[in-house]
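Each residue of the sequence shown is one higher than the one before, starting from 1 at the first, in the UniProt record's numbering. Built from N, CA and C at the ideal position, the CB exists for glycine as well. One structure is given below, encoded as structure tokens.
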Amino acid sequence: MRIIRIDSEGETIRLIETNESDEGVYAALSHCWGPPGVHPVRTTGDTISKYKDATPISELTAVFQDAIWLCKQLHVYDIWIDSLCIIQDDSHDWVTESSKMAQYYSNARFTIAVERSWDSNTHFLRDAEDRWQPLTYSTTDHNGHPVRYTIREHYSHEAYLEGLSNYFKRGKEILLSRGWGLQEAFLSTRLIHFTPSDVMLECRRTRGYFDAYHRHDSPGQTIRERLTRLETWPAWLLSEPVPPAIVLSRQESIHKIWTALINEYTLRTLSFQEDKLPAFGGIASYFTQYFSGRYLAGIWEGQIHVGLCWKVVDTGQTAVRSLALEEPTVPSWSWACLPVGVGVEGRETPIADNFNQNSQVIIHQAECQLSSPNAPFGRVSGGYILLEAPLYKVQIGCVSLSPKHPDWIQHTITWDSDAELSFEPTITFRHDTLLAVQDGKVTKATSGRQLEYLTDVSSFQGTAWVVLLVGLKNDVEGLVLGQVGNGPVYQRLGHVRMSVAHKEMKAPSRALIRIV
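Listed below in structure tokens is the structure:
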């Protein structure tokens with residue numbers, strides 16, 4: 001482990017290497033790098049020898065200077081900073097060290113979360129902007145007595161996430177909207193948040209504010225607090241067999257927390273698409289204690305049927321406007337294949353009714369090719385799922401939802417008559433990206449040239465296939481698939497949900513297919 005050693009008496013720092021067994025008390029920094037022109041100082045193959053010597057703190061960027069000053073005030077003289085402790089132009093070192101972030105952040109005495117600075121050159125130890133300063137007013141009460149009261153606006157990340165784009169114009173640039181920042185906060189045992197308006201202290205159980213009058217108005221507990229409650233079982237449960245109902249309830253709650261983390265993470269931004277899995281890898285490694293089987297590009301093998309039933313977030317708009325990636329390395333069945341910023345909802349209920357024997361999906365094989373054996377939760381270079389199930393043939397059409405907005409569309413599914421449904425089901429289809437038709441079959445659109453049908457949406461007609469994965473009461477859920485070539489190879493196009501009991505459907509012949 002590399003660490004930045006702060007000179008307690010002088011004004012210099014050094015990059016040192018320690019054995020993991022020798023790790024002492026240290027802090028960690030969570031911050032925004034900013035755009036390329038204002039990136040922080042970094043350790044590279046050319047600069048590592050420089051930083052191993054005494055380096056003046058004044059040569060560092062503003063955020064690093066502030067973090068080091070704060071550590072000295074708290075008598076902590078080691079700090080882990082990603083851009084300085086990872087050799088940034090060494091791909092092997094980057095993969096190895098980034099895969100250890102769960103360890104680095106969880107073992108830190110505290111993490112400094114810089115949510116006030118949108119790049120490394122902006123000091124966070126500064127007065128808040130005028131917008132967040134308290135204002136004092138004088139008036140009289142109903143008896144005519146003079147009254148003074150003070151009001152103050154507090155930054156609300158919840159308000160920003162709810163789509164109030166004018167609420168805080170720099171909201172997309174700060175740490176709370178950065179993909180890497182989620183796991184850095186989740187894994188830390190203690191955080192000192194420097195928000196646009198406040199300073200907040202947070203541990204795994206509670207939060208505290210320097211402003212005594214600040215009432216935190218976010219709904220309920222944070223995700224981290226919810227998980228901590230589940231991890232801290234009552235003492236009587238440790239000495240007696242745990243009732244099955246409690247075990248099941250706990251498993252369901254942990255699964256909901258996992259899906260909530262995916263949902264929040266996928267709405268955040270990343271500078272590089274290839275970081276989609278690494279920036280979530282620390283969280284995934286933490287959850288190995290709760291889920292069985294291998295980790296397959298964002299999905300747990302032990303819950304693969306339910307894990308595959310993710311869907312794109314309904315943002316209240318009427319279209320998915322993202323093109324698919326031209327050369328994806330993540331398999332289409334993983335939520336991590338989507339472009340950065342496309343939010344995903346996981347299925348919250350992990351337990352579903354079994355299909356009848358003829359309709360059951362049998363997973364024969366599931367594989368992911370890791371880009372590095374040193375990073376089991378990191379990048380992948382492909383993957384597939386080999387499954388056996390009834391394969392329903394469907395027709396995909398398209399309708400316009402607004403004459404003023406050509407790209408506000410909705411794709412429709414027409415079920416093949418061979419399914420022999422006893423009544424017309426209600427079908428909800430959420431496509432993952434924009435779609436196209438090629439040789440009569442529906443596929444993902446990777447280029448604007450494939451979207452000519454937007455001028456006449458009735459011209460969109462193509463064949464796709466559906467495999468149903470889980471059933472719950474009178475609802476069934478599954479995947480809409482597009483055929484790749486002419487063989488039994490398919491890619492995911494989206495998620496489908498039907499309000500019809502699977503027992504009322506005549507399943508077609510079972511097929512052995514590979515989803516890539």
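Checklist line | First through last residue of the alpha helix (DSSP H) which encompasses HIS255 | finding: 244-266
Check: Which of the three DSSP states, helix, strand or coil, is assigned to HIS216?
Finding: In this prediction, HIS216 has a pLDDT of 49, which is less than 50 and means its spatial position is unreliable; what the coordinates show is noted afterwards. Of the three classes helix, strand and coil, the one that applies to HIS216 here is coil, per DSSP.
Next item on the list: Determine the extent of the alpha helix (DSSP H) in which GLN395 is found, giving its start and end residues.
Entry: Not the alpha helix (DSSP H): GLN395 falls in the beta strand (DSSP E), residues 392-400.
Note to self: Please classify TYR137 as buried or exposed, where buried requires at least 16 other C-beta atoms within 10 Å of its C-beta.
What the structure shows: exposed
Check: Where DSSP assigns a beta bridge to THR463, which residues make up the other side?
Finding: GLN395, LYS441
Notebook entry, point to check: Apart from the five residues on each side of it in sequence, which residues of its chain come closer than 8 Å, Cβ to Cβ, to THR318?
Noted result: Caution is warranted here: a pLDDT of 44 is assigned to THR318, below 50, making its placement in the model unreliable, and the coordinate value is therefore given only provisionally. Cβ neighbours of THR318 beyond the five flanking positions: LEU401, SER402, HIS405, TRP408, ILE409, GLN410.
Notebook entry, point to check: Which residue's Cα is closest to the Cα of TYR77: ALA27, ASP93, GLY34, HIS31?
Noted result: ALA27
Check: What is the DSSP secondary structure of PHE110, counted as helix, strand or coil?
Finding: strand
Check: Is the stretch 287-300 in contact with the stretch 196-209, if contact means three or more CB pairs nearer than 8 Å?
Finding: no
Notebook entry, point to check: What is the DSSP secondary structure of ILE515, reduced to helix, strand or coil?
Noted result: strand
Note to self: Distance check for TRP465 and ALA389, CA to CA, integer angstroms please.
What the structure shows: 12 Å
Notebook entry, point to check: With 16 other CB atoms within 10 Å as the buried threshold, where does GLY471 fall?
Noted result: buried
Note to self: Using 8 Å as the threshold, is the C-beta distance between GLY282 and LEU176 below it?
What the structure shows: no
Notebook entry, point to check: Sorted by chain position, which residues of the same chain lie with C-beta nearer than 7 Å to LEU270's C-beta, five sequence neighbours on each side aside?
Noted result: GLY179, LYS276, ALA279, VAL340
Margin query: Within 10 Å of its beta-carbon, does TRP33 have 16 or more other beta-carbons around it, so buried, or fewer, so exposed?
Written below: buried
Note to self: Give me, in chain order, the residues of the same chain whose beta-carbon lies closer than 8 Å to that of HIS216; leave out the 5 immediate sequence neighbours on both sides.
What the structure shows: Residue confidence is low: HIS216 scores 49 on pLDDT, short of 50, so the model does not pin down where it sits. No coordinate-derived value is stated.
Note to self: Let me make sure I understand the geometry here. Which of MET498, HIS364, SER253, GLN461 has the alpha-carbon closest to that of GLU231?
What the structure shows: SER253
Next item on the list: Would you mind giving the Cβ-Cβ distance between LEU70 and ILE13, rounded to the nearest angstrom? I have them listed as a contact below 8 Å.
Entry: That belief does not hold up - the Cβ atoms of LEU70 and ILE13 are roughly 14 Å apart, past 8 Å.
Margin query: Taking only three categories from DSSP, how would you classify GLY208?
Written below: strand
Item checked: The alpha helix (DSSP H) enclosing GLU98, as first and last residue numbers -> The question names Glu, yet the displayed sequence has Ser at residue 98. First-last of the alpha helix (DSSP H) with SER98: 91-98.
Next item on the list: Assign PHE272 to buried or exposed, taking buried as 16 or more other Cβ atoms, counted over all protein chains shown, within 10 Å of its Cβ.
Entry: exposed
Check: Between which two residues does the beta strand (DSSP E) containing TYR490 stretch?
Finding: 489-498
Check: Going by C-alpha distance, which of SER58, GLY24, TRP94 is nearest THR107?
Finding: The amino acid at residue 107 is misidentified as Thr; the sequence shows Asn. Measuring from the Cα of ASN107, the nearest candidate turns out to be GLY24.
Item checked: Span separating the alpha-carbon of SER359 from that of TRP333 -> 20 Å
Next item on the list: Identify the continuous beta strand (DSSP E) that holds TRP80 and give its terminal residues.
Entry: 78-80
Check: If you draw a straight line from the alpha carbon of HIS123 to that of SER58, how long is it in whole angstroms?
Finding: 13 Å
Check: If you draw a straight line from the alpha carbon of ALA511 to that of LEU391, how long is it in whole angstroms?
Finding: 6 Å
Notebook entry, point to check: Alpha carbon to alpha carbon, how far is ILE192 from SER91?
Noted result: 31 Å
Notebook entry, point to check: What are the boundary residues of the beta strand (DSSP E) that includes PHE194?
Noted result: 190-194
Check: Comparing alpha-carbon positions, which option in PRO488, VAL484, THR259 lies nearest VAL312?
Finding: THR259
Next item on the list: Would you kindly check if the distance between the Cβ of TRP300 and the Cβ of residue 547 is under 8 Å?
Entry: Only positions 1 to 516 of the chain appear in this structure, which leaves residue 547 out of reach.
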